[in-house]
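Chains as they are written, first to last, in my numbering: chain D, 1138 to 1281; chain B, 1138 to 1281.
The beta carbon of each residue, even a glycine, is placed where N, CA and C say it ideally should be.
Protein chains: 2
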Amino acid sequence: MHDNSISDTVFAFVHSYRLAMRTGLNASELGLNYMHVKCLTFIESNKACAANDIVNFFARDKAQIARLVKDMITNAWVIKTDNPEDRRSQLLSLTDEGKRLASLIAETQSNVHQQMQKNLTDQELEDFKRITNTIVNNLNDLNS
Amino acid sequence: MHDNSISDTVFAFVHSYRLAMRTGLNASELGLNYMHVKCLTFIESNKACAANDIVNFFARDKAQIARLVKDMITNAWVIKTDNPEDRRSQLLSLTDEGKRLASLIAETQSNVHQQMQKNLTDQELEDFKRITNTIVNNLNDLNS
DNA sequence: ATAATATAGTTGACAAAATCAACCAAACAA
DNA sequence: TTGTTTGGTTGATTTTGTCAACTATATTAT
């Protein structure tokens, strides 16, 4: 691994992170996949969001999100209620089971984060976030 | 994004990076996908590697890599030659066209990396790689 | 108010990517 | 020698992502 190690390093990170989350959550047993996790977390932190908010936030195809939502509804993790503001859309919220899952996700995430931070000082963590954010901002300049 | 956790930061990084590479490369026009780019780069920097090296390095399913390699061979980016050390495996190397692609990738990558490194000192880049590697090792401890 | 256009969401068809299991042949270890 | 491991291939399937068409409602311009 020579000069391109920044991206290699980060991709290795993402791979390991996903794996850790998946095994930590026992995701396959729960029938959870990556986008489920993302969506449940998003719905939890955005009370009264619509499917379209998810589409925009994650920049995904709306067909994909529609099916994901349908799936989460049949799993009884999420319910739809009419949106009084706009009769084309419905608001999504978590059922009790959905909330239970969301807190399981949060807990797992916190364990994984704990593990990630081993052997690192507070200063290093601080540096890491700051530097990564700088890099992301640099890239976004390029992409916009 | 609320607590701006480490993982959010890193996912944002990956998203921006992929986008920058894809548009920079005009990847879809060239028929290149994400794993093609990864593999071509890997083969270029690891003279005389086998499919299995790719499998191990990227921790992917060997069926996936086998098909990817087959694909790159039919695209005439890569050729296989017998491995004198082990008659089960064959060594992969780039054709001229493969080399052309690899250098196009390298150039794009270098532009993107240049952009990423703006506003960062050498020391910060050093820190970034070191810290990220520590985190990856931590996660791998968890996964193994 | 009407017509044209834009938006939220659903569905069908399909393509691309990833995964699993079975298998072969060569290599290695007992 | 025999049993086990390893590198690689293939078939079958699942998962994930994408495109286009369509309905219903909302919005904008006339």
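Beta-carbon separation (whole angstroms), residue 1249 of chain D vs residue 1161 of chain D, contact threshold 8 Å
Locating residue 1249 of chain D in the first sequence gives position 112, counting from the first residue. Locating residue 1161 of chain D in the first sequence gives position 24, counting from the first residue. So it is a contact: roughly 6 Å between Cβ atoms.
Continuous beta strand (DSSP E) assignments of at least 3 residues falling wholly in the segment 1195 to 1234 of chain B
1215 to 1219, 1227 to 1231
Please list, in chain order, all residues of the same chain as residue 1214 of chain D whose beta carbon is under 7 Å from its beta carbon, the five residues on each side excluded.
As a working mapping, residue 1214 of chain D is identified with position 77 in the first sequence. Excluding residues within five positions, the ones whose Cβ falls inside 7 Å are 1177, 1231, 1232, 1234, 1235, 1238.
Indicate whether the contact test is met: 3 or more Cβ pairs, each with one atom in the segment 1258 to 1277 of chain D and one in the segment 1257 to 1266 of chain B, closer than 8 Å.
yes
When the cut-off is 8 Å and only beta carbons count, does residue 1268 of chain B lie next to chain D?
Looking up residue 1268 of chain B in the second sequence gives position 131. At least one chain D Cβ lies under 8 Å of residue 1268 of chain B.
Residues bridged to residue 1187 of chain B (per DSSP):
The sequence position of residue 1187 of chain B within the second sequence is 50, counting from 1. Answer by DSSP bridge pairing, in chain order: B:1228.
Residues that residue 1252 of chain B contacts on chain D, provided the C-beta gap is smaller than 8 Å
The residue labelled residue 1252 of chain B in the question sits at position 115 within the second sequence. 1275, 1276, 1278, 1279, listed in chain order.
Rounded to whole angstroms, what's the CA-CA distance from residue 1196 of chain D to residue 1202 of chain D? Just pull it up for me.
Against the first sequence, residue 1196 of chain D aligns to sequence position 59. Against the first sequence, residue 1202 of chain D aligns to sequence position 65. When rounded, the distance between both Cα atoms is 10 Å.
If distances are taken between C-alpha atoms only, which option among B:1189, B:1271, B:1255, B:1143 comes closest to residue 1229 of chain B?
Counted from its first residue, the second sequence places residue 1229 of chain B at position 92. Of B:1189, B:1271, B:1255, B:1143, the residue nearest in Cα terms is B:1189.
How big is the Cα-Cα spacing for residue 1199 of chain B and residue 1225 of chain B?
In the second sequence, residue 1199 of chain B corresponds to position 62, counting from 1. In the second sequence, residue 1225 of chain B corresponds to position 88, counting from 1. About 14 Å.
Starting from residue 1175 of chain D, trace the alpha helix (DSSP H) in both directions and tell me its first and last residue.
Counting from 1 along the first sequence, the entry for residue 1175 of chain D is found at position 38. That run of the alpha helix (DSSP H) goes 1171 to 1182.
Against chain B, which members of the segment 1202 to 1218 of chain D pass a CB distance test of less than 8 Å?
none
Can you have a look at residue 1269 of chain D and say buried or exposed, based on whether 16 or more other CB atoms are within 10 angstroms of its CB?
For the purposes of this step, residue 1269 of chain D is taken as the residue at position 132 of the first sequence. With 16 or more Cβ atoms within 10 Å of its Cβ, residue 1269 of chain D is classed as buried.
Residues that residue 1264 of chain B contacts on chain D, provided the C-beta gap is smaller than 9 Å
As a position in the second sequence, residue 1264 of chain B is number 127, starting the count at 1. Residues of chain D passing the Cβ test: 1261, 1264, 1265, 1268.
Residue 1240 of chain B, DSSP secondary structure in three states:
For the purposes of this step, residue 1240 of chain B is taken as residue 103 along the second sequence, with counting starting at 1. Residue 1240 of chain B falls in the helix class under three-state DSSP.
Do you know offhand how far residue 1253 of chain B's Cα is from residue 1276 of chain D's?
Reading the second sequence from its first residue, position 116 is the one you call residue 1253 of chain B. Reading the first sequence from its first residue, position 139 is the one you call residue 1276 of chain D. Approximately 6 Å, taken between the alpha carbons.
Could you check how far apart the C-beta atoms of residue 1257 of chain D and residue 1271 of chain B are, in whole angstroms? I think they sit under 8 Å.
For the purposes of this step, residue 1257 of chain D is identified with residue 120 of the first sequence, where counting begins at 1. For the purposes of this step, residue 1271 of chain B is identified with residue 134 of the second sequence, where counting begins at 1. At roughly 6 Å, the Cβ-Cβ gap stays under 8 Å, so residue 1257 of chain D and residue 1271 of chain B are in contact.
Can you give the Cα-Cα distance for residue 1187 of chain B and residue 1181 of chain B, rounded to whole angstroms?
The residue given as residue 1187 of chain B occupies position 50 in the second sequence. The residue given as residue 1181 of chain B occupies position 44 in the second sequence. If I take the Cα positions, the gap works out to 12 Å.
For residue 1168 of chain B, the three-state DSSP class (helix, strand or coil):
By 1-based counting over the second sequence, the position of residue 1168 of chain B is 31. Coil.
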